[in-house]
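Just so we're aligned, residue 10 is where the sequence shown starts under the working numbering, counting upward by one.
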Amino acid sequence: MGLLGMILAAVIVAVLLAYIVVKYLPLKLRWIASVLLLCLTVFLVIKIYDGIMEPIIFNKQKVEKYAGVVENLKIIRDAEVKYYEVNGNYTKDKAVLIKFIDSAQLALTETKTIVEKENRGGGVIVDVEKRVTDTIGYEPVLKYFKHRDYKNMFKVPGVPGKEFELEVGTVEKVQGLVVPTFIAKTPKKDILSGMNESLVKQELEAIETDQIKGEFVSVGSLEEVSTGGNWPPSYDKKDSAKKKE
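Here's what the structure looks like:
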């Protein structure tokens, strides 16, 4: 609306100038009006160009800012998933999660089918197949975080002194089955601080499928069983490319 209002105002001024020139301005002074109209035209062109380019530049910059934030959230997500595999729950203690990556071991298991004789009584013995899982070794959790800056994963990139909020909870998935949950998040407004306020306001209200929805960039959920992030697939293209390599 600001850009449209400016264009409308410029058109009105141009029409008024033209009317004044024709009606009242002596011929020898009409060059002044021509200069004023030229300046107005240049001003209008610049404003139109800025109005078109500002959202484009904003979108490019926000994607660059979000990319680092999403990357850290992925590390937090992967750390919580590994922690859950070992402990059966999630943790909101950031120091504990970092220490876990440094020192914890994951059990390596092997599942196989064996056949056992089972006495059904009355001299009847039958073969029964059973699946047995054995621990065959261990591997360090740190292996999964090689070349990833997990020690700084809780810092929000581009926002000095800011850390991700980390919460844990539970959800009753079905009656009687309570499942642990977690969420890590940070407000968009902090990430986009200093940018165009009108465009930031629109971004906080984003609901499109190709946008990061809502007021936060987050991973996980306290309301449902999920370890997914609220960012669109475009932020995962880099990871997909790495897996193909």
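By construction, the Cβ of each residue, glycine as well, lies at the ideal position given by its N, Cα and C atoms.
| request: Pair every Cβ in the segment 106-114 with every Cβ in the segment 195-210, then say whether three or more of these pairs are closer than 8 Å. | output: no
| message | Counting C-beta neighbours from all protein chains within 10 Å, is the total for Met162 16 or more, i.e. buried, or is it exposed? | response | buried
| query | Does the separation of the CB atoms of Gly77 and Pro166 fall below 9 Å? | reply | yes
| In the DSSP assignment, what are the bridge partners of Ala18? | In DSSP, Ala18 forms no bridge with anything.
| task | Kindly identify the DSSP beta-bridge partner or partners of Lys139. | result | Ile123
| request: Helix, strand or coil for Ile192, going by three-state DSSP, please let me know. | output: strand
| message | Using only the alpha-carbon positions, how far apart do Ser227 and Ser235 sit? | response | 11 Å
| Between the CA atoms of Glu174 and Gly229 - distance to the nearest angstrom | 12 Å
| query | Any idea what DSSP makes of Phe173, helix, strand or coil? | reply | coil
| query | Residues in its own chain within less than 7 Å of Thr118 by CB, not counting five upstream and five downstream? | reply | Thr142, Asp143, Thr144, Ile145
| If we call anything under 9 Å between Cβ atoms a contact, is Gly178 one with Leu82? | no
| query | Who are the Cβ neighbours of Lys194 in its own chain at under 6 Å, not counting the five residues just before and after it? | reply | Glu174, Phe225, Ser227
| Should Val133 and Val124 be called a contact, given that it needs their Cβ atoms to be closer than 9 Å? | no
| Would you report the Cα separation of Glu206 and Phe154, rounded to the nearest angstrom? | 37 Å
| field | Cβ distance (whole Å) where Lys71 is taken to contact Glu212 below 8 Å | value | 7 Å
| field | CA-to-CA distance, Gly97 to Lys296, given in whole angstroms | value | Outside the shown range of the chain, which is 10 to 254, sits residue 296, and nothing can be said about it.
| query | Between Val180 and Glu232, which are expected to be in contact by the criterion C-beta below 8 Å, what is the C-beta distance as a whole number of angstroms? | reply | 7 Å
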